[in-house]
Structures are given as C-alpha cells and as structure tokens.
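Structure first, then comments.
Residue numbers (my numbering): 423 to 782.
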C-alpha cells in the first residue's frame, strides 16, 4: 500500500550523534534521554538503536522504564519523575529501575517499606529550576534520612536540572553549577547535571553522567545555533504528497476564515497533512514546504488533514508529487520558528495516523 503521510526515522544518524556527545563530554557516561516515546521517534526502536552506544537511559515515568525492560533493555534506567505510590515502587524493584527522589512524600513511602529489596536513588536537588527537588537548606537532613533508610541502596546519587542552559549568556546556569557542586562535594555516589545544552555549552557541568536528550535526535538545543553547525544529523523527516493542484485568480481567499488572499493569479497545491498528523496548527503564512526539492510557502490556515501552499503561476508540480514538511534541506527548527514553538513539540507531536518508516 502506498503511503500518503509518513515519517522516516534515520537510524543511521544515531551513532553519529552519540559520537558528538562523546566528543563534547569525553570523560562522562551517557544517559540517553528517551522519555515521551523517545521524543516522538519510538521508545523501543530508539532504545535498541542506542543500546550499543550508551551506558544508560533516562525516562520520565515508571511505565516507560517497564516497557524498556520488557523489550529486553539491560542497561541502567533512571526514572526522572520517580514515584508517588507504593505500587510504582514495587515496579521499580521488580524491573530494577533507578528512581529520582525529590520530595518528602517519597521519603515517607521509602521509610514505610518492609521488603528487603534496595532501591537505587538519585537525590534531585533544586538549584534554581523550582520544579522538582530539595532546596539547598534541606539537603543535609534529607541526606541523613536517606542514609538511615533501610530501603535505599548506598551510596546515594545526585542530580539537578538546568533552567536556562540553552542561553549561554544567562548568569543562572553558572550559579546552578556552583550550587550543585558545593552541595554534593562531600558526598559519595554518582552525579549528573548536564542536559544537551549543558553538554555543549557548559563543560564544567559534565560530571559522572551527562543526560543527552534532544541532541541525540539531531536537533539543536539552542535557538541561535543550527544542528548542522553542531555537526548533528536529524533522525526524523516528515513527508506527504500533493493531492491536488488548483488554479486561482487574484483576490481569491484560501482556507478557513479566508485568512490569505491571493495577490495575483497562481497555482495552489493541497498537501495531505494537517494538525491531525501533528503538523503545527499555528504555522504562519510563508512557512516553507519542500516540493520536488523546491521551497514553496504555506498559505491559509492549517486544517486537520490538509495544508495549502502557493506553487507559483508557472509551477509544473502535479498531484502525487512528493512533499517534505521537515527533514533534509528543511530543518525542523525552521518550522518551529514559523509556528512560534520549539522543535521538541513538533517531533513529539507526530500522531499515530502517520506511518513510520525506518531507514538504516
């Protein structure tokens, strides 16, 4: 069956992108972040492709870690959100998953445990993100409580998360690095600070483990530096086809609410993709689309199943021609800027209606 709308996952780019992490952080172990269905690329698919190249994985939730174990993944897996219920703790034990501990609620659950199983924990320190973690003044007490807890494996591990690491001029990241370093200086156990932006922009944030996320998928964590400049190769490209070509006259309006008016006679192409496939609903007029290798602008409002592009009066494009929404020659970062969002939301937002094709 011929595919209309599909995403290609270029698995051959994974080893290359991991190599860029190694170049940037040669002394650290790599914890590959594959939460949210591996940023929309397929959890198990990406885990198996990364398995020979990294020392461990990070996911957001317990069920993601369980899926990886059931898929045969043997490496260390850290659950970044930790747990909130005893049942989740049972799964952490059964599937040998590490967990973030970031609240006194979790401490109470751990202290109530009567089973002999020990949990590998990562104590989450809030150094400025103000989302999860213990504040600086809480750390000595929390450390002592966890050291006395019979349900916890020793030594303890420590992590934090940066709020603004993607802005190299922001003064907050050095403050976070210094605070984490000072708070953990006298504690044993492994430590982790750097996300993708931290790996690339803040070398003094590289501790025992680095948590590589968006850069593994070939996407830049920076607004002002492209993936190509960072020598990253994108994993995902998104494609569809022209399903109609129409002649219109000057003054005709296009799409819902008639938000775009043709300034002159032209040909419009209708592409079989829309927000029902994950294409951004708020992509602006002029958002580039590649048809037969040439850029043409989006016009009119993105609808559920279709978009309209201005092919130009002299276009030779025909129904059935190939369309690239992002990929080679059209970075997803570019589309994100036109949609006033970040590339994370685009790759994570590709819907199940889109066929996935693996390319090795």
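Beta carbons are placed, not taken as given, at the ideal position from N, Cα and C, and that holds for glycine.
When DSSP builds the beta bridges, which residues end up paired with residue i?
{"i": "residue 630", "result": "Answer is none; residue 630 lacks a bridge partner."}
{"i": "residue 580", "result": "545 and 613"}
{"i": "residue 728", "result": "The partner list for residue 728 (beta bridge, DSSP) is empty, contrary to what the question assumes."}
{"i": "residue 780", "result": "431"}
{"i": "residue 521", "result": "501 and 543"}
{"i": "residue 710", "result": "719"}
{"i": "residue 744", "result": "663"}
{"i": "residue 691", "result": "667 and 731"}
{"i": "residue 574", "result": "541"}
Can the beta-carbon of residue i be found closer than 8 angstroms to that of residue j?
{"i": "residue 457", "j": "residue 486", "result": "yes"}
{"i": "residue 546", "j": "residue 524", "result": "yes"}
{"i": "residue 693", "j": "residue 737", "result": "no"}
{"i": "residue 676", "j": "residue 739", "result": "no"}
{"i": "residue 520", "j": "residue 543", "result": "yes"}
{"i": "residue 635", "j": "residue 688", "result": "no"}
{"i": "residue 638", "j": "residue 488", "result": "no"}
{"i": "residue 743", "j": "residue 664", "result": "yes"}
{"i": "residue 672", "j": "residue 685", "result": "yes"}
{"i": "residue 757", "j": "residue 729", "result": "no"}
{"i": "residue 453", "j": "residue 500", "result": "yes"}
{"i": "residue 776", "j": "residue 428", "result": "yes"}
Does DSSP put residue i in a helix, a strand or coil?
{"i": "residue 470", "result": "helix"}
{"i": "residue 593", "result": "coil"}
{"i": "residue 750", "result": "coil"}
{"i": "residue 737", "result": "coil"}
{"i": "residue 396", "result": "Examination of residue 396 is not possible in this model, given that the chain is present from 423 through 782 alone."}
{"i": "residue 772", "result": "coil"}
{"i": "residue 762", "result": "coil"}
{"i": "residue 701", "result": "coil"}
Any beta-carbon of chain D closer than 8 angstroms to the one on residue i?
{"i": "residue 521", "result": "In the structure shown, chain D does not exist; there is a single protein chain."}
Under 7 angstroms from any heavy atom of the ligand FAD, does the C-beta of residue i make it?
{"i": "residue 766", "result": "You won't find the ligand FAD in this model; it holds no ligand whatsoever."}
Taking only runs that begin and end inside the segment 614 to 688, name each unbroken beta strand (DSSP E) of 3 or more residues, in chain order.
631 to 634 and 658 to 670
Does the contact criterion of 3 or more C-beta pairs under 8 angstroms hold for the segment 616 to 632 versus the segment 584 to 602?
yes
Is the number of C-beta pairs between the segment 698 to 713 and the segment 766 to 773 that are closer than 8 angstroms three or more?
yes
Check whether the segment 756 to 768 and the segment 676 to 684 are in contact - that is, three or more C-beta pairs closer than 8 angstroms.
no
May I have a chain-ordered list of the alpha helix (DSSP H) segments no shorter than 4 residues that lie completely inside the segment 446 to 517?
457 to 462, 465 to 472, 484 to 492 and 508 to 516
Sufficient close CB pairs (3 or more, under 8 angstroms) joining the segment 507 to 516 to the segment 547 to 556
no
For the pair the segment 432 to 452 and the segment 648 to 663, tell me if three or more CB-CB distances fall below 8 angstroms.
yes
So does the segment 442 to 453 actually touch the segment 740 to 753, counting three or more Cβ pairs closer than 8 angstroms?
no
With three or more C-beta pairs closer than 8 angstroms as the rule, is the segment 533 to 541 touching the segment 573 to 582?
yes
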